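Participant: For reference, the structure I am asking about is given below.
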């Protein structure tokens, strides 16, 4: 079956522009996560969605970052007024849910470069 | 102190060698443990998922958890060039909070 799909795979933009990153999770997965991965760093948790519950936004680094998940499926991560330190790979993952710590399945990420 | 510590390597071994990858952690509440493999410019791919202490084997891969020492390992037998990748450990106490290591870069030389 189809895995987690992310688009675009690469994005280059100028400092100060807004960007939108898209994630299409595995069908039937109710949990969706966004992470940021920088060179030499671990995965930095950004935000978590579970079903219709309020998202856990505790990892968002600033108010320039926001995310939504429409209809319990596709999610969009938006970064406003991008800065050079936002350059990283943004990974999306989905899982069956949180009855127990279900392992996450990742997309290939969006490689974001801010000039 | 980080929740999860992982030696970044790089680790270089000849083809056919046994590889040992390790992570240590500080939170005794962790009970779910995962290993991911990440190829260059790809997302992490789940290799092993274990609950609590003990060993789990899948083909050439063995995951080992020692909760008393707060130490987990991934062993790769008969390593192949296709095993060259970055290996990430991850762990969770429950629910949605997962903690990842920074990854160990492995190269298997033909």
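Protein chains in written order, with our numbering: chain A, 11 to 125; chain B, 7 to 116.
Heads up, the beta-carbon is just placed ideally off N, CA and C, and yes, glycines get one too.
All of these numbers come straight from a predicted model, not from anything done at the bench.
Identify the continuous beta strand (DSSP E) that holds residue 99 of chain A and give its terminal residues.
Facilitator: Run containing residue 99 of chain A: 98-105, per the beta strand (DSSP E) assignment.
Participant: Would a check of beta-carbon distances place residue 18 of chain A closer than 8 Å to chain B?
Facilitator: No - not a single Cβ of chain B is within 8 Å of the one on residue 18 of chain A.
Participant: Can you say whether residue 86 of chain B is buried or exposed, counting buried as having 16 or more other CB atoms within 10 angstroms of its CB?
Facilitator: So residue 86 of chain B ends up on the exposed side.
Participant: Among B:13, B:41 and B:46, which one has its Cα closest to the Cα of residue 61 of chain B?
Facilitator: Closest by alpha carbon: B:41.
Participant: Are the CB atoms of residue 22 of chain A and residue 116 of chain A within a distance shorter than 8 Å?
Facilitator: Against a cut-off of 8 Å, the Cβ pair of residue 22 of chain A and residue 116 of chain A comes out as no contact.
Participant: According to the neighbour-count rule (16 or more other Cβ atoms, all chains shown, within 10 Å of its Cβ), is residue 134 of chain B buried or exposed?
Facilitator: In the structure displayed, chain B extends from 7 to 116; residue 134 of chain B sits before or after that span and is not available.
Participant: Assuming residue 112 of chain A contacts residue 108 of chain B (C-beta within less than 8 Å), just tell me the rounded distance between them.
Facilitator: Between residue 108 of chain B and residue 112 of chain A the Cβ distance is about 23 Å, and since that is not below 8 Å, they are no contact.
Participant: Under DSSP, the beta strand (DSSP E) around residue 20 of chain A begins and ends at which residues?
Facilitator: Element bounds for residue 20 of chain A: 20-23.
Participant: Give me whichever residues DSSP pairs with residue 50 of chain A in a beta bridge.
Facilitator: Answer is none; residue 50 of chain A lacks a bridge partner.
Participant: Would you say residue 4 of chain B lies against chain A (beta-carbon separation less than 8 Å)?
Facilitator: In this structure chain B extends from 7 to 116, so residue 4 of chain B is not present and cannot be described.
Participant: With 16 as the cutoff for other CB atoms within 10 Å, does residue 93 of chain A come out buried or exposed?
Facilitator: Classification of residue 93 of chain A: exposed, given that the 10 Å Cβ count is below 16.
Participant: Taking 8 Å as the cut-off, decide whether the C-beta atoms of residue 83 of chain A and residue 18 of chain A are in contact.
Facilitator: No, the Cβ-Cβ distance between residue 83 of chain A and residue 18 of chain A is not below 8 Å.
Participant: Starting from residue 55 of chain B, find everything on chain A with Cβ-Cβ shorter than 8 Å and list it in chain order.
Facilitator: Correct list: 113.
Participant: In chain order, what residues of the same chain have a beta carbon less than 7 Å from the beta carbon of residue 2 of chain B, not counting five sequence neighbours either side?
Facilitator: A question about residue 2 of chain B goes unanswered here, because the residues of chain B that appear run from 7 up to 116.
Participant: Closer than 9 Å, Cβ to Cβ, to anything on chain A: give me those residues from the region 29-41 of chain B, in chain order.
Facilitator: Going along the region 29-41 of chain B in chain order, one finds 37, 38 and 40 with a Cβ nearer than 9 Å to chain A.
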